[in-house]
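Residue 1494 is where the sequence shown starts when you use the working numbering, and the numbers rise one by one after that.
We put the CB at the ideal spot given by N, CA and C, even for glycine.
Below is one structure, written out as structure tokens; comments come after it.
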Amino acid sequence: MTGWKESAPTAVLILRDGTRLEGRGIGAVGTAAGEVCFNTAMTGYQEILTDPSYAGQIITFTFPHIGNVGANDEDIETVNMAAASGIRGAVIKADVTSPSNYRAAERLDAWLKKRGIIGIAGLDTRALTALIREKGMADAVIAHAPDGNFDDAALKAQLDQFPGLEGLDLAREVSTTQTYKWDETRWRLGEGYGRVENPDFHIVAIDYGAKRNILRCIADQGARVTVVPATASVEDIMAHNPDGVFLSNGPGDPAATGEYAVPTIQKVMETGKPVFGICLGHQLLGLALGGKTEKMHQGHHGANHPVKDLTTGKVEITSMNHGFAVDRDSLPAGVVETHTSLFDGSNAGLAVEGKPIFSVQYHPEASPGPHDAHYLFKRFINLVREQKGMEVVAE
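Written as structure tokens, this is what we have:
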């Protein structure tokens, strides 16, 4: 009778509390520290891994089969390719298999390596998720060494140097540094991505870590988009003579980013131009209106989050990715809550009474996720239409 020998681990994940998890390394070789969160989406792992909102985080996928449809050059959400996405690592259950999808161009593990993302496979992701649910999002260090040699003391020292996401401004790291034009529209089967022709509107998007599909959804409404850096001044923004201003998603602590973003947003609102914010943009708008934000216990990361639109009474299934939230009790008079999470009752949207200003906490552009909330882009452009004296269109 012959026995077998278990292969030595080639990757580890060490949490702040000392928990040490061993697995098989995939993707890039090296070490990185970040905050561990979990994502419950069953599809769209490539979009998730290129979403700048995850900068500074190590993503645990609860769906066990990650990589089975491979990777390609189209399903990328990072706009600023020079800065990549800022993601620190990926944690998955099953080993990456050969892809089985007509759009696949390469294996996920090769794609991760090319993008410098460290991965670990073979972990009990359900147990890790349960731990996060119980104790909150944990700081950790992830390491991949093909020879299986790990210096735990050095890894823990690296983790000690990671400050955590509270008080951390990451928008500067993932934002564009140069103003540019955007006219690409959403992907359609058999057609690919399109271009907006003869746009009727001009929107300036402030990039705090913008996703490509958000810009595509705006362009789909007949708008050309000018994207400006996170640090752009109100003078920079208004010099483009926009019909409306969009506040993008992004990573990090909104209070830290707000130190330079809030004064600009307040001045933008004074111009009377329609304003629409998503995710970090929603939180920054809340701060600019006099509200407060708070760190969440486990955050919202997934593509199946039910949200109620309090303005219509409708419930939509949404895509979410945030670890901070607007404190509804801090919102001043004249600012109303428009959406709420049906998972935990947290704030998911706000609007200013009598003014063309609103925002949502979730991701109506999906990528990945359902398309229930695409109407919000039409709602934004309808505010522009009203201001220009044009007929609005049905949502």
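**Request:** Look up A1818 in the DSSP assignment and say whether it is helix, strand or coil.
**Result:** Within the sequence shown, residue 1818 is the residue found at index 325, counting from 1. In this structure, A1818 counts as strand in the three-state DSSP scheme.
**Prompt:** Excluding five sequence neighbours on each side, which residues of the same chain lie with their C-beta closer than 7 Å to the C-beta of M1789?
**Reply:** Locating residue 1789 in the sequence shown gives position 296, counting from the first residue. G1816, F1817, A1818.
**Asked** Fully enclosed by the region 1617-1689, which beta strand (DSSP E) runs are 3 residues long or longer?
**Response** 1631-1637, 1673-1675
**Prompt:** In whole angstroms, what separates the C-alpha of E1763 from that of I1551?
**Reply:** Residue numbering aside, residue 1763 sits at position 270 when the sequence shown is read from its first letter. Residue numbering aside, residue 1551 sits at position 58 when the sequence shown is read from its first letter. Approximately 39 Å between the Cα atoms of the pair.
**Message:** Tell me the DSSP secondary structure of I1585 in three-state form.
**Reply:** Working through the sequence shown from its first residue, we reach residue 1585 at position 92. Three-state DSSP puts I1585 in coil, outside helix and strand.
**Asked** What's the gap between the Cα of Y1868 and the Cα of G1641?
**Response** Numbered from 1 along the sequence shown, position 375 holds the residue referred to as residue 1868. Numbered from 1 along the sequence shown, position 148 holds the residue referred to as residue 1641. Distance between the alpha carbons of Y1868 and G1641 is about 50 Å.
**Prompt:** Using DSSP with H/G/I as helix, E/B as strand and the rest coil, what is Q1714?
**Reply:** By 1-based counting over the sequence shown, the position of residue 1714 is 221. If DSSP states are grouped into helix, strand and coil, Q1714 belongs with coil.
**Message:** Measuring alpha carbon to alpha carbon, tell me which residue in I1507, L1843, F1870 is nearest H1775.
**Reply:** Position 282 of the sequence shown, counting from 1, holds the residue named residue 1775. Selected option, being the one with the closest Cα: L1843.
**Item:** Straight-line Cα distance separating K1586 from G1827
**Value:** If you number the sequence shown from 1, residue 1827 lands on position 334. If you number the sequence shown from 1, residue 1586 lands on position 93. Computed Cα separation, rounded: 47 Å.
**Prompt:** Of all the alpha helix (DSSP H) runs that stay within the bounds of the region 1718-1792, which reach a length of 4 or more residues?
**Reply:** With a minimum length of 4 residues, the continuous alpha helix (DSSP H) runs that stay inside the region 1718-1792 are 1727-1731, 1747-1763, 1773-1781.
**Request:** Measure from the alpha carbon of A1631 to the alpha carbon of each residue in T1543, G1795, F1531, then state which is nearest.
**Result:** Translated into the one-based positions of the sequence shown, residue 1631 becomes position 138. A1631 has its Cα closest to that of F1531, out of T1543, G1795, F1531.
**Prompt:** On the three-state DSSP scale, how would you describe L1835?
**Reply:** Locating residue 1835 in the sequence shown gives position 342, where the first residue counts as 1. Correct three-state label for L1835: coil.
**Request:** Measure from the alpha carbon of I1730 to the alpha carbon of each residue in D1700, D1713, I1810, then state which is nearest.
**Result:** In the sequence shown, residue 1730 corresponds to position 237, counting from 1. Among D1700, D1713, I1810, the Cα nearest to that of I1730 is on D1700.
**Asked** Using a Cβ-Cβ cut-off of 6 Å (strictly less than) and excluding sequence neighbours within five positions of H1794, which residues of its own chain qualify?
**Response** Within the sequence shown, residue 1794 is the residue found at index 301, counting from 1. Contacts found: C1530, N1532, N1814.
**Request:** State the Cα-Cα distance for the pair A1646 and I1625, rounded to the nearest angstrom.
**Result:** The sequence position of residue 1646 within the sequence shown is 153, counting from 1. The sequence position of residue 1625 within the sequence shown is 132, counting from 1. When rounded, the distance between both Cα atoms is 24 Å.
**Prompt:** Grouping DSSP H, G and I as helix and E and B as strand, with all else coil, what is F1873?
**Reply:** As a position in the sequence shown, residue 1873 is number 380, starting the count at 1. Residue state, collapsed to three classes: helix.
**Message:** Quick check on DSSP: helix, strand or coil for A1575?
**Reply:** Walking along the sequence shown from the start, residue 1575 turns up at place 82. Caution is warranted here: a pLDDT of 49 is assigned to A1575, below 50, making its placement in the model unreliable, and the coordinate value is therefore given only provisionally. Note: A1575 maps to helix in three-state DSSP.
**Request:** Please report how far the alpha carbon of G1783 lies from the alpha carbon of I1696, in whole angstroms.
**Result:** If you number the sequence shown from 1, residue 1783 lands on position 290. If you number the sequence shown from 1, residue 1696 lands on position 203. Distance between the alpha carbons of G1783 and I1696: 25 Å.
**Reduced DSSP secondary structure (H/G/I, E/B, other) of N1594** = Position 101 of the sequence shown, counted from the first residue, corresponds to residue 1594. Reduced to three states, the DSSP call for N1594 is coil.
**Asked** Under 7 Å between the Cβ atoms of Y1753 and T1811?
**Response** Numbered from 1 along the sequence shown, position 260 holds the residue referred to as residue 1753. Numbered from 1 along the sequence shown, position 318 holds the residue referred to as residue 1811. It is not a contact, given that the beta carbons lie outside the stated cut-off.
**Request:** For the alpha helix (DSSP H) containing I1580, list its first residue and its last residue.
**Result:** For the purposes of this step, residue 1580 is identified with residue 87 of the sequence shown, where counting begins at 1. Where I1580 is concerned, there is no enclosing alpha helix (DSSP H), given that its DSSP letter is neither H nor E.
**Prompt:** Is P1799 helix, strand or coil by DSSP?
**Reply:** On the sequence shown, residue 1799 is found 306 positions in, with the first residue counted as 1. In the structure shown, P1799 sits in a strand (DSSP, three-state: E or B).
**Message:** Let's test the definition: count the other Cβ atoms within 10 Å of the Cβ of K1766 and tell me whether it reaches 16, buried, or not, exposed.
**Reply:** By 1-based counting over the sequence shown, the position of residue 1766 is 273. When all chains shown are included, K1766 counts as buried.
**Message:** Out of T1833, A1749, L1773, L1777, which one is the CA nearest neighbour of Q1759?
**Reply:** Residue numbering aside, residue 1759 sits at position 266 when the sequence shown is read from its first letter. That would be L1777, whose Cα lies nearest to the Cα of Q1759.
**Prompt:** When DSSP labels each residue in this structure, what does N1565 get in the three-state scheme?
**Reply:** Residue 1565 sits at position 72 when you count from the first residue of the sequence shown. Three-state result, N1565: coil.
**Close-in-space but distant-in-sequence residues of the same chain around A1575 (CB under 7 Å, 5 per side omitted)** = To locate residue 1575, count along the sequence shown from 1; it is residue 82. Any reading at A1575 must be qualified, since the residue scores a pLDDT of 49, below 50, and its modelled position is unreliable; the value itself is stated next. Cβ within range, chain order: n/a, list empty.
**Request:** Please classify R1608: does DSSP put it in a helix, a strand, or coil?
**Result:** As a working note, residue 1608 is residue 115 in the sequence shown. R1608: helix per DSSP, three-state reduction.
**Item:** Alpha carbon of D1602 to alpha carbon of V1589, nearest angstrom
**Value:** As a working mapping, residue 1602 is identified with position 109 in the sequence shown. As a working mapping, residue 1589 is identified with position 96 in the sequence shown. Straight-line Cα distance between these residues: approximately 7 Å.
**Message:** For N1565 and P1825, I'd like the C-alpha separation in whole angstroms.
**Reply:** Here residue 1565 refers to the residue found at position 72 of the sequence shown. Here residue 1825 refers to the residue found at position 332 of the sequence shown. If I take the Cα positions, the gap works out to 46 Å.
**Asked** Exposed or buried, which one is D1837 when buried takes at least 16 other CB atoms within 10 Å?
**Response** As a working mapping, residue 1837 is identified with position 344 in the sequence shown. Classification for D1837: exposed.
**Message:** Using only CA atoms, which one of E1567, T1512, V1768 lies nearest to L1682?
**Reply:** Walking along the sequence shown from the start, residue 1682 turns up at place 189. Measuring C-alpha to C-alpha distances from L1682 to each of E1567, T1512, V1768 identifies E1567 as the nearest.
**Prompt:** the ligand HEM heavy atoms versus the CB of L1661: any closer than 6 Å?
**Reply:** This structure lacks the ligand HEM, and indeed carries no ligand of any kind.
**Item:** The alpha helix (DSSP H) enclosing I1541, as first and last residue numbers
**Value:** To locate residue 1541, count along the sequence shown from 1; it is residue 48. That run of the alpha helix (DSSP H) goes 1538-1542.
**Request:** For F1531, write down the residues that DSSP places opposite it in a beta bridge.
**Result:** Taking the sequence shown and counting its residues from 1, the one referred to as residue 1531 is at position 38. According to DSSP, F1531 bridges with T1553.
**Message:** For V1584, tell me which candidate among V1755, T1622, E1809, A1501 has the shortest Cα-Cα distance.
**Reply:** For the purposes of this step, residue 1584 is identified with residue 91 of the sequence shown, where counting begins at 1. Shortest Cα-Cα distance from V1584 to any of V1755, T1622, E1809, A1501 involves T1622.
**Prompt:** For E1830, which residues of its own chain have a beta-carbon under 8 Å away from its beta-carbon, when the five flanking residues on both sides are left out?
**Reply:** Here residue 1830 is taken as the residue at index 337 of the sequence shown, counted from 1. Excluding sequence neighbours, E1830 sits near L1803, R1821, L1824, N1840, G1842, L1843.
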